[in-house]
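Read in order, the letters of the sequence shown correspond to residues 1 to 91 in UniProt numbering. One structure is given below, encoded as structure tokens.
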Amino acid sequence: MSGTDIKTANPAASWVRAVLLLTAVMALAGCANMSPTGQRALSGGAIGAAGGAVLGTVAAGDPAVGAAVGGAVGAGVGAALPQIENSLNGN
Numbered sequence: 001m002s003g004t005d006i007k008t009a010n011p012a013a014s015w016v017r018a019v020l021l022l023t024a025v026m027a028l029a030g031c032a033n034m035s036p037t038g039q040r041a042l043s044g045g046a047i048g049a050a051g052g053a054v055l056g057t058v059a060a061g062d063p064a065v066g067a068a069v070g071g072a073v074g075a076g077v078g079a080a081l082p083q084i085e086n087s088l089n090g091n
């Protein structure tokens, strides 16, 4: 051991890992009895949160803000996709 604590070496990386793990667990646990629209909103939110955490870390050094914004945008897009697909298909 070099004497450097892993937790203090890169706190942003620890945050990103924690957010990604929590998002994955919530997405897997929540999809069992959901409607297709709900599933898309949840998966969109999870993907957005993961991407937002990474971008937030790189751009501003704050993965929590990036995850919150990315999750909200992803959930909105995921929830809107079924309606968009229906209108494009003429339904």
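All C-beta atoms, glycine included, are put in the ideal place defined by N, C-alpha and C.
If the five residues before and after V73 are omitted, its C-beta is found closer than 8 Å to the C-beta atoms of G48, G52, all from its own chain and listed in chain order. DSSP places A67 in the helix class (H, G or I) of the three-state scheme. If the five residues before and after G76 are omitted, its C-beta is found closer than 6 Å to no C-beta atom of its own chain. Between the segment 32 to 45 and the segment 76 to 85, the count of C-beta pairs closer than 8 Å reaches three or more; the two stretches touch. For V19, the CB contacts under 8 Å within the same chain, skipping 5 residues up- and downstream, are A49, A50, A53, P63, A64, A67 in chain order. Residue G45 holds the alpha-carbon nearest to the alpha-carbon of V69 among L88, G45, Q83, S87. For G90, the number of other beta carbons within 10 angstroms of its own is below 16, and it is reported as exposed. P36 is the residue among L55, P36, A59 whose C-alpha sits nearest the C-alpha of N86.
For M26, the three-state secondary structure derived from DSSP is helix.
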